[in-house]
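Protein chains in written order, with this note's numbering: chain D, 3 to 487; chain A, 3 to 618; chain V, 466 to 964; chain Y, -6 to 95; chain C, 33 to 192.
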Amino acid sequence: MTLADLVPLLPLLIVSSTAVLLMLQIGIRRSHKVTVVIALSGLLLATVVAVLMMPTMNQQLTPLLIIDQYSLFFTAVCCAAAMVIVILSYPYLSRLDDDKDEYYLLLVIATVGAIVMVSSNHFVSTILGLETLSMSLYGMVAYPLHSKESAKYPLEAAVKYLVLSAVSSSFMLFGMALIYAQTGTLAFSSLDSDAAVSLSDSYAIVGVLLLISGMAFKLSLAPFHMWTPDVYEGSPLPATAYLATIGKTAMFVVLLRFVIVTEALRYEAVMIVFSLIAVLSILAGNVLALLQNSLKRILAYSSIAHMGYLIIAVIASYFATSTISIEAVTFYLLAYMIMSLGAFGVASVVSSSEKEFDLVSDYQGLFWRDPWLALIFTGMLLSLAGIPLTIGFIGKFYLFFAGVESALWVLLLVLVVGSGIGLFYYLRIVYHLLLPAPTRPQFSSAANENLGAYGVLTILFLLLLLLGVYPARLMTLIETVAAFI
Amino acid sequence: MQDLIWLLPTFPLLGFLALVLTGGSLPRKIVAVIGAGSVGLSFLSAALIAAQFLASGEDYFVKEVWVWMAIGEFTPGFNFYLDGLSLVMMLIITGVGFLIHLYSTGFMVDDPAYSRFFAYMNLFVAAMLMLVLGDNLVLLYLGWEGVGLCSYLLIGFWYENPDNGYAARKAFVVTRVGDTAMAIGLFLLFTQLGTLNIQDMLGAAQQQWAMGSPLAIAAALLLLGGAVGKSAQLPLQTWLPDAMVGPTPISALIHAATMVTAGVYLVARTHVLFELAPTVQMLVAFVGLATLLMAGFTAMTQRDIKRILAYSTISQIGYMFLALGAGAWSAAVFHLMTHAFFKALLFLAAGTVILSLHHEHDIFKMGGKRKQLPVAFWSFIIGSAALAALPFTSGFYSKDEILLAALAVEGPGLLLWIGGVIGAFFTGIYSFRLVFVVFFGDSKAHHEAKEEASLSMAVPLIVLMVLALLGGWIQVPLDAVFSQGAGHEEEHVSLLVHGFMIAAPLMGIGISYLFYMSKVFDVDKLMTNRVANSLHRFWFSGWGMDALYQWIFVNPFLYLARINRSDLIDGFYALLVSITRTAHLMLARTQTGYLGWYALSMAAGLVVIITLGVML
Amino acid sequence: MILVALIGILFLGGVLAWLSERLDSKLPRVIALAALVLDLLLMLTLLGGDSADGSWIVALNVQWLPRFGISFHLAADGLSVLLLLLTAFLGIIAVGSAWIEITERSGFFYFNLLWTLAGVLGVFTALDLFLFFFFWEVMLIPMYFIIAIWGHENKNYAAMKFFLFTQVTGMLMLVAILTLAYFHYIQFGFFSFDYFDLLRVTTSSAVEMWIMLGFFVAFTTKLPIVPFHSWLPDAHSQAPTAGSVILAGVLLKTGAYGLIRFAVPLFPVASLNFAPIAMALAALSILYCAKVAFAQTDLKRLIAYTSVSHMGFVLLGVYAWNEIALQGAVMTMLAHGLSAAALFMLAGSLQHRIHTRDMRDMGGFWAKVPRMSAVALFFSIAALGMPGLGNFIGEFLALLGAFQSNLPMTVLATFGLIFASVYSLWVIQKIFHGEYSNSKFNDSHLSDLSRRELAYFGAMILGLVWMGMYPQSFLDLTATALQGLLAGTQELVSTVVQN
Amino acid sequence: MQSIPIEHGLILAGILFALGLVGVLTRRNIVFVLMSLEVMLNASGLAFVVASARWGHADGQVMFLMILTLAAAEVAVGLGLIIQMYRKFKTVDIDVLSEMKG
Amino acid sequence: MMFLFYIAATVAVVSTVGVIVQSNIVHALIYLILSLLAVAVVFFSLGAPFVAVLEAIVYAGAIMVLFLFVIMMLNMGQHTTDQEKAWMAAKDWALPAGLAAILLVQLLYVLREVQVDIVPNEVGVLEVSALLFGPYVLAVELASILLLAGLVSAYHLAKK
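Dropping the structure here:
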């Protein structure tokens, strides 16, 4: 490695240095504000650098990392999302009777993991990125557990997440080992159909399936979905948001790269497993969310379904002649990020680490108490439901197009049915927002206290609308970056 | 003047609008002036137009007012067509209509909804004129439905009583059954012949359809359906007796003189079609025959004065249908006219009686009205005589023509004739039964009878008496209309035939006299006979048709409505919802919260997935 | 550009109305009214244009999402213009009916109302299928809000049902649209969602049938037609009056418009093959819903079912696919728009006065509120298809046209006329006739129609009479457009038949 | 030197993997669960080393090192959680952690 | 070597069984250490002495000591052993053990085809180091970050 090789690593280096800086800062003097400022500036710098590097960069950096437009795109997205979460975390944690700084440290380290994952095309980097991300998330999930008045059950969430996640990691690792035993390589690119050693129809297929199962766990795809609602519910809201957005996105990028590069879908078994997972996830996720009262659980279940939708596009990518299915995944991931961040963000601005407002009924009449917040929330929910004027609709449009292009009629039907069920619970929340406000509301509007969080939610909302109405620019960008995968 | 023919419906329509828009705020005098005056104006113009038309010697006259709609070949317009037939009809409608309006100004004077009444009446006249003057079937249909609507509104005029509402709805719905058939007939005619202009259509039918072609039969049948409904013929006659709950002038105008004869008009107007379909024409005759007999039987048993008259109306229209079926188009129209006179007379007179007895309808609670109500009495005498077709009354001439035409029909002619004569016999019985019971004998009124009605009510009665007596001398100018009509040559029939025809009603009157006047026979005693009693009950119920329809159509419909109030199909979606909900509950139970269970599910999932991989 | 202005005015007006609530709670309704009147006036300028010679009034055709060949393509022909006029007219009426009924959160109400109408205008003018779908969905959410916030006792259920039905079937349509666009891509090598481009796509008959069904289901759910109708009675009975007016008067018409503009012309052969089934469904709808309507005790539910029944005539007319039938379908859309809206307003004003919709509690209102009764009578009569009023023209033409293409179904459908009279007269009997008794409700607010109410009922009565007596002015407007559609499909069908 | 069939190595890894899984699934004591996890991770590492031996590469061994790292980290965090759990509930029964469900 | 492999493998399996069925936690831990050491021997027999040593030091040494500390901290005495026994009911075992057995059978089923013999070529420290400081240098750095994350998490969670 030379110094020039470090240039493509800049975003990663910046975020890592931020982590180091944060550690130093903690060592010198704890300060919630300063920590946040450092974390934010580091992430902002990384985002900007990633965006600036994007047009020209396409470099395989050691066997582990590929820094191309696609990975830089998601590097930027993840860093930006991490910024949003930092901003949301600040008011949320401000009343926590514990040190707050480590949380941001963990968040930044997790972002390092995410960046590694989106740039990874090698099993080693995949595992390292994934575990870095997970390890930080264990900490974030359990973060408020010392607090006397912790809102939910962070301990329970963390234990469940840790144990199950470790099981899934071992699945993945064993799978990788089997693949490696068969092929003698750990890089994705040497597994494609042109490679000298290939995944013949032997036990490496089982390895691939093990690997997919492990990934499916991280993406909370059925039948590996069960941890999701509990972990979502038990974690502090910003951590949930991180888990739901960056955690999922990074994993999905790896999955997509793996599937595309290795052309794994050419094996019938993989194809069937993917289809099965997609169908099960869509149906189970939506049905499970149906009558939930906890907002976080609803979003957890809905995330199961959304990941199922995405799998359809992944499957479509195999049959497609164009890159639209990859664009669909890319676009939808971005859309899902924006709307999930928005939805969790709304919940998090009215909550704090001591008291989370998680029940749907807590939000009754929000429309009349805090119209702007309610409007944002409604926008996010409708976007999740895929209603026009929002980015979610364009995302769904992409998915449908990908499905149609590859003639996946059965999966499309499941998608339609699932989305139909999905409408129910999103609208149920919206309906609660519209009800007359209770005489003694659960929480008061906090716009003045949380100006930053409101601001960032507003930005997300505007993005949601802008990209829902005029996504042409973004589409062009995504078309460009999708060509690199 | 002929160009102003559009004024005819316009006057009453303007009257209607004026009355509706003022919403009952006008004083009664002005309402009367508007209500009756508009029809009077209409009658005046009709008379002038008729004079001019007859003088011109033309066969027909068309006035196009505006194109209603034009889509390709389908171009019905608001065009008025005047020939002998519509001339007669228009004069009857405006003339008799005016008289009845005049009468109503007195009859309804105490009613709080005076203005509404005249509004409906005016609308009716306008619609009826549309019906008879329209040059195309769509316009005819407009009038046709319009009069049906007015009939509905006026039957249910006294809306506080739900029974009236029921009768009104029954009238509308039953006739609509016929109307629907007619609408389908219209579709058929247009589809086949490419036009709904009556004259063009008839011409095209003659050119395109052979005698007895299935299409012609279908078309004629469907139109007959409409006619049967509107004219209360079997099997759609059940609404008319119930319609009598409306104010009596309505019964006179709509349910005796004009609207119910629209079916006759329709068949006469489209007689070419019926001639192309001889079987249907024969059916018309038999429908008429069956109806006139059935109604005759029933009329004999009724106790309600207006119901008796209603059944007699049904019966008389049966004669008209008989005539139509026999191809005696002119005779049918002629009878239509005379019937309009004497039946309007009878109803109006009955109205006087009823009014004087505070809306008492049961004839057996009346009696001895001869002195108290002389105008009504004489009206009834003359009207009943005409109804029974006693010689030299108007009814005699028209019925005579009909029966002769029936006899002349090839094949079942004799049968038709005998039936007609029997009908005449019954007519004698029930018409004079009414007269004897109401006007002779002792007064059985429980309450003080009112005085004889006002001048406005007497004048129409007197005019109608004259018409009922002398109407038979009127020459109807129908030759040009039914140029091909059969049964025109004066056939020589034996004196015996004439004798029977004169004797039948007289015998009827005689029997009636024996039962109800001289009491030589006792009705009550007759009723102790089981056969007679059950026959009586059968006839009284109108041959049980109401019960039959209730059983076949109404009850099943109500049953279906009741069991499916909440919409079965909705139930299907509800099922989907409950399936989803159950699935949710079941799946939610898998989320036990136990870590071991979650790990187990992962392992199970893995096993399934690997199994798939191993097997494939 | 004028079409863009039409839609833009409503979108902007909605936002303004919402914002203006802070100043004065009575301002929103004024703004809404102003926006709609402005729209109506602008639309009138379209009438003078060159729509008469069959050409499109093209407003705008700019690229929107070039990746998929999607453009922002708005245009109108006679058919669209007519429906635009109906929309604006009923919009004004709806504002009128909400004028005093909506007192709470009026700003947001008028915002939703105007946005719904904007969506509808978009639907009627969009010539890019993606754009069409976009507007199709845009009109749902505000409508959902209207029902869910200002609805009656069971509003959540009704609003949800409305939304689920239309949205799920909407997704099926989206799939169909995408499939069609994809076939276009295969055949012509570039992506396009443009109406005129997609008209040229030819596919195998099985595929065509499936795609057509995607459209059909979405449109007939909106229309609605048995068995997709069951959202409508709930939505109508729970919606506030203005919502019902818009729903019955305008929203249902988008389904019919879709059938005429898209479902049949895009898939002429499949439609031809499918026509018997469609017409059978139409006849079933007419009869079945008339029967169910009769059984209802909730006045609004009853009217809702009659709407379904009447829309059956539209479907019948569309699938007969000849000029008379199509004109009949369009006339039915217009006339039903007015008559059903008026009936819902009557039901609404009754409910506003006596706080019940249960007909079992009513009776004998004629004596108490004669003007209202007379108006109700008029609209019931119109609904049962009395000649001389608009509904008759529509239904008669639809049946007349349909008779030429499918005799048995038309005959069945014609029996609907009988049922129509049964339920219409039953309503009159139950509510306005009979003896008056106020034992079941508090009648202290039972007053006759106010001047304002009379004004808009009067306008609608005039409209129906105009349609009934001189429908030519409407027929002329749409004739060229419909003939164009007919000619286009004939061409396609004949080429397919030849091959 | 005598050769070892690769499948025997892999089978050994498989057996250990399965045994670890059984442990995770059946034990209610969270310490045992954590230990079983270690067995599973170790089995994966074993598989890598076996594969690495097949190809004569060092890549598998590198991977083993990574697994070692993450196992260590995992155990550290896991044991931290166990301590907190014990403090809170005075038990190591994982089934007490089932307050969230449905 | 082959001999060594099989013996070590047997020990590993047996002691692992011991881990999962033992009710005394300290005994289980010792079994685990035994198992890990056996695996280390297997590594050695496969010609990977470097990882064999690491296995023994890091795994069996460091990590297991960590366990031991915790067990001592939690003061798991006789009553926990009894409780463990109570928890190990057969019915709780059947399903998981069955599933794992199926999984194992599946693995054996697919592995039976492989007929590649390994001639254990020693791949020693040198090769591994060359890789670690060559192509995998980033991995080493990333592993440090991973450890950092674990460190921070564990520190935060375990503190009082």
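Backbone N, C-alpha and C define an ideal beta-carbon position, used for all residues, glycine too. Predicted model, so just to flag it, every value in this text is computed and none were measured.
What does the alpha-carbon distance come out to for the pair residue i and residue j?
i, j, result
"Gln209(A)", "Val282(A)", "19 angstroms"
"Ser136(D)", "Met174(D)", "14 angstroms"
"Ile565(V)", "Ala920(V)", "15 angstroms"
"Leu724(V)", "Phe656(V)", "24 angstroms"
"Ala181(C)", "Leu163(C)", "24 angstroms"
"Ala312(A)", "Pro216(A)", "35 angstroms"
"Gly7(Y)", "Val24(Y)", "22 angstroms"
"Ser804(V)", "Met796(V)", "12 angstroms"
"Glu159(C)", "Ala51(Y)", "6 angstroms"
"Leu469(D)", "Phe395(D)", "10 angstroms"
"Ile7(A)", "Val90(A)", "14 angstroms"
"Asn288(D)", "Leu862(V)", "47 angstroms"
"Ala460(A)", "Ser358(A)", "13 angstroms"
"Leu301(D)", "Ile378(D)", "16 angstroms"
When the cut-off is 8 angstroms and only beta carbons count, does residue i lie next to chain C?
i, result
"Ser37(Y)", "no"
"Ile87(Y)", "no"
Under 7 angstroms Cβ-Cβ, which residues of chain Y neighbour residue i?
i, result
"Leu66(C)", "Simply none; closest approach about 12 angstroms."
Grab the span of the beta strand (DSSP E) containing residue i for me, first residue to last.
i, result
"Ala540(V)", "535 to 541"
"Lys65(A)", "62 to 69"
"Val527(V)", "522 to 530"
Does any CB atom of chain A fall closer than 8 angstroms to the CB of residue i?
i, result
"Ala517(V)", "Model confidence at Ala517(V) stands at a pLDDT of 49, short of 50, so the residue's coordinates are unreliable; what they give is reported in the following sentence. It does not: the Cβ of Ala517(V) has no partner Cβ on chain A nearer than 8 angstroms."
"Lys81(Y)", "no"
"Val458(D)", "no"
Is there at least one Cβ from chain D nearer than 8 angstroms to residue i's Cβ?
i, result
"Arg487(V)", "no"
Any Cβ of chain Y within less than 8 angstroms of the Cβ of residue i?
i, result
"Tyr91(C)", "yes"
"Leu46(D)", "no"
"Ala291(D)", "no"
Can you check whether the C-beta of residue i is within less than 8 angstroms of a C-beta belonging to chain V?
i, result
"Gly422(D)", "yes"
Going along chain A in order, which residues have a C-beta closer than 8 angstroms to the C-beta of residue i?
i, result
"Ile274(D)", "Leu614, Leu618"
How about residue i: is its Cβ closer than 7 angstroms to a heavy atom in the ligand NAP?
i, result
"Leu147(D)", "No copy of the ligand NAP appears in this structure; indeed no ligand is present at all."
At which residues does the alpha helix (DSSP H) containing residue i begin and terminate?
i, result
"Tyr515(A)", "Where Tyr515(A) is concerned, there is no enclosing alpha helix (DSSP H), given that its DSSP letter is neither H nor E."
Unbroken stretches of the alpha helix (DSSP H), 4 residues or longer, contained in the region 896 to 962 of chain V: 916 to 934
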